[in-house]
Amino acid sequence: MFDKSKIGQSFPPFTIEVERGKIRELALAIGDDNPIYQSREAAQAAGYADVPLFPTAPTMFTFWGNTKMGGQLVSLGINVMRILHGEEEYEYLAPINPGDTLTGVMTLVDGKTRQGQGGSSMDILTIEIRYTNQNGQPVLNAREMIVVREEGV
Numbered sequence: 110m111f112d113k114s115k116i117g118q119s120f121p122p123f124t125i126e127v128e129r130g131k132i133r134e135l136a137l138a139i140g141d142d143n144p145i146y147q148s149r150e151a152a153q154a155a156g157y158a159d160v161p162l163f164p165t166a167p168t169m170f171t172f173w174g175n176t177k178m179g180g181q182l183v184s185l186g187i188n189v190m191r192i193l194h195g196e197e198e199y200e201y202l203a204p205i206n207p208g209d210t211l212t213g214v215m216t217l218v219d220g221k222t223r224q225g226q227g228g229s230s231m232d233i234l235t236i237e238i239r240y241t242n243q244n245g246q247p248v249l250n251a252r253e254m255i256v257v258r259e260e261g262v
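Per the numbering used here: the sequence shown = residues 110 to 262.
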């Protein structure tokens, strides 16, 4: 079970460069063949300044930019092999474009242990990541809920 005394703890910042190619790769991986995610020209023809970041792309930011996240979760007392994805939500504060360098700061904002049927338990953790761009402007707040299953279940 996680260390409840860590609620409120923030971790060192991580950076990610928003790349046009990564947006394209992710769009293809999820089967979205909209041309605005494939080329700058198509995006501009549709009224965008550049290839837009589609709404769920920040899901990948922690994988692409925060290579230390696994160790950070372990420091909270979490067995990362027991994690399930719960949910995510995003609050966009400003446009995010290819070429932007984002800095994210991850904070454990909440955590609860819930008893399941049969006597097993699980931890439900809420993580918030606040992103700023290369100009220090806040551009995105992300909230992620992760579920950590009890050992031996």
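Positions of the beta carbon are idealized from the N, C-alpha and C atoms, including for glycine. For clarity, every value in this text was computed on a predicted model and none was experimentally measured.
Legend entry - Counted within 10 angstroms of its Cβ, other Cβ atoms place Asn242 as buried (16 or more) or exposed: Here the question's residue 242 lines up with position 133 in the sequence shown. Under this definition Asn242 is a buried residue.
Inset, instruction - Report all residues from its chain with a CB closer than 7 Å to the CB of Lys113; omit the five preceding and five following residues, and keep chain order. - result: Taking the first residue of the sequence shown as position 1, residue 113 is located at position 4. If we look at Lys113 and ignore the five residues flanking it on each side, its Cβ neighbours are Gly220.
Inset, instruction - Whole angstroms is fine: what's the gap from Val189's alpha carbon to Tyr201's? - result: Position 80 of the sequence shown, counted from the first residue, corresponds to residue 189. Position 92 of the sequence shown, counted from the first residue, corresponds to residue 201. For Val189 and Tyr201, the distance between alpha carbons rounds to 28 Å.
Legend entry - Residues near Gly225 by beta carbon distance below 7 Å, same chain, minus five either side: As a position in the sequence shown, residue 225 is number 116, starting the count at 1. Result list for Gly225: Met231, in chain order.
Inset, instruction - Check each candidate in Ala158, Asp209, Glu260 and name the one with the smallest Cα separation from Asn244. - result: In the sequence shown, counting from the first residue as 1, residue 244 sits at position 135. Cα-wise, what sits closest to Asn244 is Asp209.
Legend entry - Spatial distance of Pro50 from Gln153 (CA atoms): There is simply no residue 50 to check, as the chain begins at 110 and stops at 262 in what is shown.
Inset, instruction - Pull up the CB-CB distance for Val256 and Phe111, whole angstroms please, since I reckon it's below 8 Å. - result: Position 147 of the sequence shown, counting from 1, holds the residue named residue 256. Position 2 of the sequence shown, counting from 1, holds the residue named residue 111. With a Cβ gap of about 11 Å, Val256 and Phe111 do not count as contacting.
Inset, instruction - Could you check which residue in Leu182, Arg129, Glu150 has the C-alpha nearest to that of Ile233? - result: Locating residue 233 in the sequence shown gives position 124, where the first residue counts as 1. Here the closest residue by C-alpha is Leu182.
Inset, instruction - Return yes when the Cβ of Ile236 is within less than 8 Å of the Cβ of Val218, no when it is not. - result: Taking the first residue of the sequence shown as position 1, residue 218 is located at position 109. Taking the first residue of the sequence shown as position 1, residue 236 is located at position 127. Yes, they are a contact pair.
Inset, instruction - Indicate the three-state DSSP secondary structure (helix, strand or coil) for Ile192 in the structure shown. - result: Within the sequence shown, the letter at position 83 stands for residue 192. In this structure, Ile192 counts as strand in the three-state DSSP scheme.
Legend entry - Span of the alpha helix (DSSP H), counted from its first residue to its last, around Glu253: In the sequence shown, counting from the first residue as 1, residue 253 sits at position 144. Not the alpha helix (DSSP H): Glu253 falls in the beta strand (DSSP E), residues 247-258.
Inset, instruction - Pull up the distance between the alpha-carbon of Arg252 and that of Ala166, whole angstroms please. - result: Locating residue 252 in the sequence shown gives position 143, counting from the first residue. Locating residue 166 in the sequence shown gives position 57, counting from the first residue. Roughly 13 Å between the two C-alpha positions.
Legend entry - For Ser184, three-class secondary structure by DSSP: On the sequence shown, residue 184 is found 75 positions in, with the first residue counted as 1. Helix at Ser184.
Inset, instruction - Could you spell out the range, first to last residue, of the beta strand (DSSP E) harbouring Leu202? - result: Translated into positions along the sequence shown, residue 202 becomes position 93. Careful: Leu202 lies outside any beta strand (DSSP E) and carries neither H nor E.
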